[in-house]
Amino acid sequence: MEGFALRDGVYASSMSDGEALLLRQLATEVLVVLDDPGEYAATSSMVNAATETEQRRDEPRERTLRMLLPSMSEDDEDAGRLRALTEDSLRTDKSVRLRAIVGDLDHIVHGESDTLRIQPEAVWSWLGALNDIRLGLAGELDLSDSHDARRIEELALSEPTGERSQTVAAIYMLITWWQDSLLEAVNNSQ
Numbered sequence: 079m080e081g082f083a084l085r086d087g088v089y090a091s092s093m094s095d096g097e098a099l100l101l102r103q104l105a106t107e108v109l110v111v112l113d114d115p116g117e118y119a120a121t122s123s124m125v126n127a128a129t130e131t132e133q134r135r136d137e138p139r140e141r142t143l144r145m146l147l148p149s150m151s152e153d154d155e156d157a158g159r160l161r162a163l164t165e166d167s168l169r170t171d172k173s174v175r176l177r178a179i180v181g182d183l184d185h186i187v188h189g190e191s192d193t194l195r196i197q198p199e200a201v202w203s204w205l206g207a208l209n210d211i212r213l214g215l216a217g218e219l220d221l222s223d224s225h226d227a228r229r230i231e232e233l234a235l236s237e238p239t240g241e242r243s244q245t246v247a248a249i250y251m252l253i254t255w256w257q258d259s260l261l262e263a264v265n266n267s268q
């Protein structure tokens with residue numbers, strides 16, 4: 079995997095089919111979390127049927143989903159009202175972005191190319207999708223502050239132990255670097 083560079087009007091990065099497959103799988107795993115309505119599927123329908131609009135929604139129980147769909151207020155009542163108003167559209171927006179990058183990676187996964195080409199109009203969707211993948215990984219790694227970030231970096235750079243958390247930390251660092259390279263390429267092109 080190479081860092082991104084602006085080439086022929088697109089942001090390009092060479093990558094192996096294995097790297098593309100890994101990124102595609104990560105996006106798909108985040109999609110599974112986002113697309114599963116969980117306990118809200120039945121209750122939202124019942125609440126909407128009874129009151130015509132959902133007035134409040136509790137924070138998700140799963141840590142990864144809480145990372146992807148954080149509270150928008152420290153006040154529980156406000157957070158619940160805001161979540162009821164926005165969560166479904168946020169899930170949809172994130173899912174659309176992730177599905178788009180899965181599609182963009184298919185030509186590399188299937189051996190048709192070894193270069194990912196991102197059109198300028200798709201860059202922000204890609205950056206958002208990569209951030210969502212990182213948030214999914216951060217949930218698994220229990221990453222919530224700068225102390226945790228240092229812990230994850232140290233874990234990723236330490237001698238291999240075969241532990242799953244070390245592999246996830248290394249993947250998190252790789253995705254972070256790759257996202258940064260795309261942002262840097264965008265900033266350097268302006």
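Following my numbering, the numbering of the sequence shown begins with 79 at its first residue and continues without gaps.
Positions of the beta carbon are idealized from the N, C-alpha and C atoms, including for glycine.
Helix, strand or coil, according to DSSP, for residue i in the structure here?
{"i": "R134", "result": "coil"}
{"i": "L160", "result": "helix"}
{"i": "R229", "result": "helix"}
{"i": "R85", "result": "strand"}
{"i": "W144", "result": "In the sequence under discussion, the amino acid at residue 144 is Arg, which differs from the Trp named in the question. Helix at R144."}
{"i": "D154", "result": "helix"}
{"i": "A127", "result": "Because A127 carries a pLDDT of 41, less than 50, the predicted location of this residue cannot be relied on, and the following value inherits that uncertainty. Helix, per DSSP."}
{"i": "M251", "result": "helix"}
{"i": "L221", "result": "coil"}
{"i": "S167", "result": "helix"}
{"i": "H188", "result": "coil"}
{"i": "E262", "result": "helix"}
{"i": "S173", "result": "helix"}
{"i": "Q268", "result": "coil"}
{"i": "T245", "result": "helix"}
{"i": "S236", "result": "coil"}
{"i": "R212", "result": "helix"}
{"i": "G206", "result": "helix"}
{"i": "E199", "result": "helix"}
Which residue wins for smallest C-alpha separation from residue i, given the options the options?
{"i": "V246", "options": "D136, D171, D220, I186", "result": "D220"}
{"i": "L208", "options": "S191, V180, H185, Q197", "result": "V180"}
{"i": "E232", "options": "G217, L215, M251, R242", "result": "M251"}
{"i": "D103", "options": "S236, D182, T193, W202", "result": "A small fix is needed here, since residue 103 is Gln in this sequence, not Asp. Answer by Cα proximity: D182."}
{"i": "D210", "options": "E237, S243, S173, E190", "result": "S173"}
{"i": "S94", "options": "R229, H185, M145", "result": "H185"}
{"i": "V110", "options": "N266, Y89, L176", "result": "L176"}
{"i": "D223", "options": "M145, E140, S191", "result": "M145"}
{"i": "T170", "options": "D156, G96, L147, E190", "result": "L147"}
{"i": "A178", "options": "E190, L160, W202", "result": "W202"}
{"i": "E199", "options": "L163, L215, V264, S149", "result": "V264"}
{"i": "L101", "options": "S167, W204, Y89", "result": "W204"}
Since residue i sits in a beta bridge, which residues does DSSP pair it with?
{"i": "T106", "result": "For T106, which the question treats as bridged, DSSP gives no partner whatsoever."}
{"i": "L194", "result": "S91"}
Does the beta-carbon of residue i have 16 or more other beta-carbons within 10 angstroms, so that it is buried, or is it exposed?
{"i": "R135", "result": "buried"}
{"i": "Q257", "result": "buried"}
{"i": "D153", "result": "exposed"}
{"i": "T291", "result": "The structure shown does not extend to residue 291, since the chain is modelled only from 79 to 268, so the question has no answer here."}
{"i": "P138", "result": "buried"}
{"i": "T142", "result": "buried"}
{"i": "D86", "result": "exposed"}
{"i": "E165", "result": "buried"}
{"i": "T254", "result": "buried"}
{"i": "E132", "result": "buried"}
{"i": "S91", "result": "buried"}
{"i": "R161", "result": "buried"}
Could you confirm whether any beta carbon from chain D is found closer than 8 Å to the beta carbon of residue i?
{"i": "M93", "result": "Considering every chain present, this structure includes no chain D. It has just one protein chain."}
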